[in-house]
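Here the sequence shown is numbered in the working numbering, starting from 7 and rising by one per residue. Using N, Cα and C, we set each Cβ at its ideal position, and we do this for glycine too.
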Amino acid sequence: MSLKDGNESQKIFVYQKVTEEIVCFFKATAPGSSLKVPKKFLLPTAHEDFLTGNFLFNPRFLIQSYFFEYIDSVEMYEEFVRIVHEILNDYLPDQNNTKIATDVESQASRVFYSLFIEKSHILLNAATEYIDKIHSIRPIWSDRSTFAPFLVKDVQAPCSFIPSYLRSSGYVDMTEDSYIEHTLLDLLFCFTFNHYINGHNPSHLPSPLSELKAFLTEYWHPVYTTTGALHNDWCMVVRAANNSASANISYTEDKKQIEFGLLNMLYAIEGLAGTNKELSDAITWLSSIIKKGQVEEPDQAVIQNVLQNAFKSLSENKNIKVECSHLKIEKTESGRADIFTECSTPIVITYSEYPFHSYRELEIEMPFITSASSANRDKNFHVMQNKQELEKIQKAYSAPENYNEYIISQYIENEMDRLARILGTECVHIRRIHSILLNGSYEAMKGLLVYGSLRDIQYTSKIIEVFLIHTSGKTFAITDHMVQFTSRLISSVKLDDKRVRQAIMNGCIYNENYLYYYNNLEYDAEDLLEAYKSAAGIRALIRPLFLFDSSVSSIAHSCASLCSLMHCSVERYAFFGGAHLCENMIKRVSKIATEEDMVNEITSFLCTVKRCAPVSDDYCAANIFLGWIMHIVLRCEQTPLVIAKAIYDCIDASSLTERVKILISPTCFESAAKSTCSLLEDNKEELLTGSDDISTRKNKYFCILKFVQSLC
């Protein structure tokens with residue numbers, strides 16, 4: 007095929023190769039011929055076939071995907087459907103014609119009736135019942151930042167986003183209206199910090215809640231960065247304060263969160279820490295000022311003084327200074343009068359964590375929130391409400407029977423998985439990603455496209471993370487299909503955005519080969535660890551290792567890779583010696599079928615700890631292993647004795663130091679030491695068994711026992 011080109015006087019023929027190929031293709035697919043699709047790429051007739059993702063390579067699906075890539079509005083879709091309807095109508099046989107339909111007419115009829123149905127039949131299709139609900143849920147993601155963990159896009163409240171516990175039910179609602187909860191967390195962390203133990207201890211408080219004590223046992227190390235999980239746990243404590251205290255704490259009517267107001271905040275502190283004379287005096291003074299209906303000039307100094315006295319009385323470290331001014335009385339939406347701050351004039355609390363240095367300054371704002379200024383609340387995304395809607399549809403499609411139902415069912419599952427990531431609960435798809443990687447074949451990778459969108463940063467980051475954890479300790483060629491696939495995922499996003507970089511590269515900290523696999527990376531995984539320098543951060547580092555059934559070997563290599571990025575021995579000490587890693591590893595090893603395999607697996611992991619920790623000093627492996635024994639008696643009482651014995655065997659008694667204390671919460675340490683002594687004494691006979699001579703074993707046993715007794 008050629009076309010003339012040039013001006014009227016000089017026209018030349020130009021060969022149209024591509025056009026000719028297109029025409030030849032359509033000639034080849036004329037009536038009488040068809041596109042033969044391999045069986046495995048046919049549209050699925052069983053749910054198991056659907057989950058393989060093979061249907062994604064079906065020509066029908068690919069053509070539909072191509073069209074819908076360019077159809078981005080309802081109007082365009084309606085126009086597209088109308089044109090298709092008109093084109094097919096032109097080829098349909100005349101219903102009044104008795105002649106036998108031609109091949110073209112038969113094919114047109116088959117296509118037409120596969121795409122269009124009578125309007126009266128729509129009501130008979132059960133799937134349409136859920137179309138509107140799915141359509142109403144779908145836009146919730148469109149105006150939310152893909153990277154923001156708590157969903158709300160625009161900051162309206164004077165705080166960072168934190169989850170708040172809905173006190174009327176058992177789930178967490180992620181909103182931005184939890185400022186008081188956030189402030190209480192800051193204050194209680196200051197009140198309970200003890201610089202002598204470099205941790206939090208609530209024992210000096212008048213009558214702290216048991217939930218507060220449990221929280222500070224879990225997060226007793228200084229917290230420098232907070233996480234969603236920490237705030238979740240904290241909001242559970244705040245809920246307990248509501249249940250235990252008098253009805254003085256006021257809550258917003260809609261979300262049942264703590265209402266703004268200085269007096270209300272003191273009631274909440276009373277519910278958490280108990281009351282004493284100074285706090286009671288502060289509440290009495292504020293109540294009397296509120297009854298007057300106006301904060302007069304002398305009252306400003308009174309409020310400042312009673313707040314400072316109350317906060318000093320509740321704090322372990324007494325170096326606290328409070329400054330406040332421009333306070334006023336307003337009524338909240340519930341009709342309750344309270345004291346508020348003027349705009350840009352917060353209450354400033356200057357607090358010293360350590361003598362002579364390290365001051366922390368808290369600014370507490372109590373802005374008066376009117377209905378107009380809180381109108382943004384109606385725009386908040388009610389996570390649990392949408393979750394409940396999704397669960398209803400999920401239940402209806404729990405046993406899908408055809409292609410359309412497979413799609414609806416999978417769509418709902420994928421949305422539920424996204425919600426799980428936001429709520430901090432276990433994501434179902436992580437285990438499925440892992441099972442696909444276990445398959446190891448190129449073909450199996452298509453399943454990854456079924457469980458989420460590769461445009462979803464959080465989903466793609468999980469694929470990369472699971473791959474790097476699962477393969478840690480192994481080296482693949484850069485031509486390996488999963489290496490290339492994950493490399494393209496990383497290349498597809500802009501890593502200059504710190505939030506994207508933190509998500510996408512998070513898996514790199516678990517695999518020492520990441521720079522070999524992704525040699526175009528311009529960023530170092532070591533920089534990512536800055537966000538994890540706290541007890542809560544360590545928990546966040548450990549959690550991904552145990553979300554799926556990864557082998558003990560891959561977990562060990564992941565830990566070694568992670569610790570190679572930690573330059574400070576105390577960081578490695580806190581990581582390996584913490585309760586969270588110990589608890590999860592023992593739980594994993596305890597599931598192994600035979601005692602011999604249990605011992606082999608835990609011993610191999612402990613060897614990794616030895617390689618990463620110093621042989622001797624205050625942060626040595628021996629302290630870590632004794633710390634694990636103490637965690638066992640406190641948290642893992644059902645641990646098989648063979649596992650405890652394997653940990654005991656790894657202890658070098660001559661290297662033990664008193665720095666083992668920092669691995670255990672101060673409030674629990676004495677109990678842990680006594681219980682450890684009991685464990686050693688009750689199991690003396692088993693602990694003395696071994697391959698070396700009995701005198702050596704006895705010396706070690708009595709050396710460890712004497713050391714632990716000295717800690718009691």
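Bounds of any beta strand (DSSP E) do not take in residue 45, whose DSSP letter is neither H nor E. The straight-line gap separating the alpha-carbon atoms of residue 659 and residue 710 is approximately 6 Å. Residue 486 carries a coil assignment under DSSP once its states are collapsed to helix, strand and coil. Using a Cβ distance threshold of 8 Å, residue 345 and residue 335 count as a contacting pair.
For residue 86, no beta strand (DSSP E) segment is defined; the enclosing uninterrupted segment is the alpha helix (DSSP H) at 80-97. Here residue 289 carries a helix assignment [DSSP, helix/strand/coil]. Here the region 198-208 lies against the region 317-329, with 3 or more beta-carbon pairs under 8 Å apart. By the criterion of a C-beta distance shorter than 6 Å, residue 423 is surrounded in its chain by 433, 434 and 435, once the five residues flanking it on both sides are discounted. Residue 551 and residue 472 have their C-alpha atoms some 9 Å from each other. CA-to-CA, the gap between residue 638 and residue 684 works out to about 12 Å. According to the DSSP assignment, residue 676 belongs to the alpha helix (DSSP H) that extends over 672-688. Note that the region 99-108 does not touch the region 79-88; fewer than 3 beta-carbon pairs, one per stretch, sit closer than 8 Å.
By the criterion of at least three beta-carbon pairs nearer than 8 Å, the region 202-219 is not in contact with the region 633-651. Residue nearest to residue 408 within the set 42, 27 and 56 is 56 (criterion: CA-CA distance). Taking a contact as a CB-CB distance under 8 Å, the pair residue 453 and residue 58 counts as one, their CB atoms being some 6 Å apart. 692 is the residue among 718, 692 and 717 whose C-alpha sits nearest the C-alpha of residue 707.
DSSP links residue 624 through a beta bridge to no other residue. For residue 345, the enclosing beta strand (DSSP E) covers residues 343-347. In this structure, residue 264 lies near residue 255, with their beta-carbon atoms less than 8 Å apart. Within the region 497-542, the runs of alpha helix (DSSP H) at least 4 residues long that lie entirely inside it are, in chain order, 504-510 and 520-523.
Around residue 715, the same chain offers 683 as residues with beta carbons nearer than 7 Å, after the five sequence neighbours per side are excluded. Where residue 592 is concerned, the enclosing alpha helix (DSSP H) starts and stops at 585-596. About 4 Å separates the CB atoms of residue 583 and residue 669; that is less than 8 Å, so the two are in contact. Remark: C-beta atoms of residue 309 and residue 285 do not approach each other more closely than 8 Å.
Here residue 63 is not near residue 91, since their CB atoms are 8 Å or more apart.
Put simply, the region 188-198 touches the region 268-282. At least three CB pairs are less than 8 Å apart. Going by DSSP, residue 117 is part of the alpha helix (DSSP H) stretching over 109-121.
The DSSP-derived three-state label of residue 327 is strand. Take the alpha-carbon of residue 596 and the one of residue 221: they are about 27 Å apart.
Per DSSP, the continuous beta strand (DSSP E) segment holding residue 334 begins and ends at 333-337.
At the C-beta level, residue 665 and residue 624 come within 8 Å of one another. Excluding sequence positions up to five before and after residue 621, its CB lies within less than 8 Å of the CB of 627, 658 and 661, all in the same chain and listed in chain order. The continuous stretches of alpha helix (DSSP H) do not include residue 453, and DSSP gives it neither H nor E. For residue 74, the enclosing alpha helix (DSSP H) has its first and last residue at 65-75.
Contact check for residue 534 against residue 512 passes: the beta carbons are separated by less than 8 Å. Of 342, 287, 211 and 111, the smallest CA-CA separation from residue 299 is found for 342.
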